[in-house]
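Right, one structure below, let's go through it.
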Amino acid sequence: MKKAIQFLSFSTVLSLVFIACSAEDIRNIADPNGEKGTPTQTTEVIPIDINSDGFDFMAKMQGHWVGNNLVINDEYPFFAWDYRAISSSHTFGIHEGGSAGNLFTSFFVSNYKGKRTIMARNGGLLNGIYRTSYFVLDKVENKDNGRYYRLVDAIGGDGIMYMELRFPNNTDSLYFNSYTSGLGNRIPNRHMTFKGKRMHSELAENAASATGYPQNTIDPELDFTNGFNKDFLYVKEGLSQANSATFLAVQETNNIFDLAPQSGDPYIITDHPRLAYLQVNIDRGALDNDQTLLLFLSRDPFTDTNGYFTSNLNAFKTALHFPVLSIKENQFLMTYMHPGTYYVTVVADIDGDFSISEGDITHPPRKVTIEPLAEQQITIDNITIQN
Numbered sequence: 001m002k003k004a005i006q007f008l009s010f011s012t013v014l015s016l017v018f019i020a021c022s023a024e025d026i027r028n029i030a031d032p033n034g035e036k037g038t039p040t041q042t043t044e045v046i047p048i049d050i051n052s053d054g055f056d057f058m059a060k061m062q063g064h065w066v067g068n069n070l071v072i073n074d075e076y077p078f079f080a081w082d083y084r085a086i087s088s089s090h091t092f093g094i095h096e097g098g099s100a101g102n103l104f105t106s107f108f109v110s111n112y113k114g115k116r117t118i119m120a121r122n123g124g125l126l127n128g129i130y131r132t133s134y135f136v137l138d139k140v141e142n143k144d145n146g147r148y149y150r151l152v153d154a155i156g157g158d159g160i161m162y163m164e165l166r167f168p169n170n171t172d173s174l175y176f177n178s179y180t181s182g183l184g185n186r187i188p189n190r191h192m193t194f195k196g197k198r199m200h201s202e203l204a205e206n207a208a209s210a211t212g213y214p215q216n217t218i219d220p221e222l223d224f225t226n227g228f229n230k231d232f233l234y235v236k237e238g239l240s241q242a243n244s245a246t247f248l249a250v251q252e253t254n255n256i257f258d259l260a261p262q263s264g265d266p267y268i269i270t271d272h273p274r275l276a277y278l279q280v281n282i283d284r285g286a287l288d289n290d291q292t293l294l295l296f297l298s299r300d301p302f303t304d305t306n307g308y309f310t311s312n313l314n315a316f317k318t319a320l321h322f323p324v325l326s327i328k329e330n331q332f333l334m335t336y337m338h339p340g341t342y343y344v345t346v347v348a349d350i351d352g353d354f355s356i357s358e359g360d361i362t363h364p365p366r367k368v369t370i371e372p373l374a375e376q377q378i379t380i381d382n383i384t385i386q387n
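Structure (structure tokens):
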């Protein structure tokens, strides 16, 4: 019988149904009418001073958040964000989608517009497009249903895009909404709603211990006392100046090491402390070059010592990254990797359903320990065990 576990591509997600909640329960956590109306201009940005309120967000945000994700009108029953400290005042999480690209959001302490505040970097790489946008904390509220935080575009305010996060009272839960206007094409509407629970807390706890997180200090590279260099900001066609704190670069290939500096982004992949790289090399053996391969990085092994899928379904909840590789791809570079010890699993998706299914081919567990700032490799072979 087919296991109820499904791992999908960048536009879809890993699916393992174990958290029950409806889309309507999580769709809106602020104004339910916020998606209606006509396009607005940029709005004033007034940062929250975290010396007075809001610094507690940094402690609340860390964790392996496992739940479901509503992206536009498509709901995915399983999604995960792995937020861990990379410095005493910076926490980072990413969805590694595979050959198509990735999506990250990190949160850090900074100075902006005369205030000590919290800012965010959101963006990533998708099919040759590199984008990073910067946000700033402008609302902190105690609501009946939890502690609420809003971060808006650092230049365009909530008229361009914003994100809101709520931590329900007396729970280890997170609601995370993002809204976008297409850089001013429309009033910002909901793009993503994630609801999750904090799991596997030792991952974040170990990172916090190693970095002294959280502290109300500023990494020098992330001090925006003087704002952004206007010469590098992306200016939308038809405008004379940037309406968003967005940096953009485009090329035919997904080479982040070329695109990041081209974009003018003031903080790029090579500036991140602690984060490492892992190149996964795959020896297909007798597998056809056209066979779709699924790649997983997890805290616990997905296979037993003989190479068959584990009967412990809780192991699949420990998935941290779950990219899908392009046809004929035998190497994949995993970037922005938190240090730690993990299992790497490659699955030959024989029936092409992007699911862990009977008939799929796997291998015995392969463990790797990733050191801070390391550039490591692992070769996965012996992909011969048919489930």
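For what it's worth, my numbering labels the leading residue of the sequence shown as 1, then goes sequentially. Yeah, the Cβ is synthetic: ideal placement off N, Cα and C, and Gly gets one too. On a predicted model such as this, the values are computed, not experimentally measured, just so you know.
Check	Outcome
CB-CB length for ARG190 against TYR175, believed under 8 angstroms	Rounded, the Cβ-Cβ distance is 12 angstroms, inconsistent with contact.
Stretch pair the region 84-94 + the region 210-229: three plus CB contacts closer than 8 angstroms	yes
Alpha carbon of VAL152 to alpha carbon of THR105, nearest angstrom	13 angstroms
Chain-order list of residues whose beta-carbon lies under 7 angstroms from that of GLN377 (same chain, five-residue window excluded)	GLN279 and ASN281
Within 8 angstroms, strictly: CB atoms of TYR343 and SER311	no
Own chain, CB closer than 7 angstroms to GLN386, minus 5 neighbours either side, in chain order	GLY359 and ILE361
Residues sharing a beta bridge with GLU375, DSSP	TYR277
Residues near THR335 in its chain [Cβ-Cβ closer than 6 angstroms; skip 5 each side]	TYR277
Any 3 or more C-beta pairs closer than 8 angstroms across the region 249-258 and the region 132-145	no
Length-filtered (3 minimum) beta strand (DSSP E) runs lying within the region 265-311	276-282 and 293-298
Collapsed DSSP secondary structure at SER106 in the structure displayed	strand
Buried or exposed (CB count within 10 angstroms, at least 16 for buried), ASP53	exposed
Simplified DSSP assignment, three categories, for LEU325	coil
Counted within 10 angstroms of its Cβ, other Cβ atoms place ASP381 as buried (16 or more) or exposed	exposed
CA-to-CA distance, SER355 to THR193, given in whole angstroms	23 angstroms
Test item: CB-CB of ILE225 and TYR234 under 8 angstroms	The sequence shown places Thr at residue 225, rather than the Ile named in the question. For THR225 and TYR234, no; Cβs fall outside 8 angstroms.
Beta carbon proximity, GLN251 to chain B, threshold 8 angstroms	Chain labels in this structure do not include chain B; a single protein chain is all it has.
Buried versus exposed, by CB contacts within 10 Å (16 or more), GLN251	exposed
ARG274 beta carbon less than 8 angstroms from that of LEU373	yes
Start and end residues, beta strand (DSSP E) containing GLU164	157-167
Backbone CA spacing between LYS367 and LEU295 [nearest angstrom]	14 angstroms
Beta-carbon contacts of ILE26 that lie in its chain and below 7 angstroms, excluding the five residues immediately before and after	Bear in mind that a pLDDT of 31 at ILE26, under 50, signals an unreliable position, so the number given afterwards is only what the model happens to contain. Taken in chain order, the residues that qualify are LEU70, TYR175, THR193 and LYS195.
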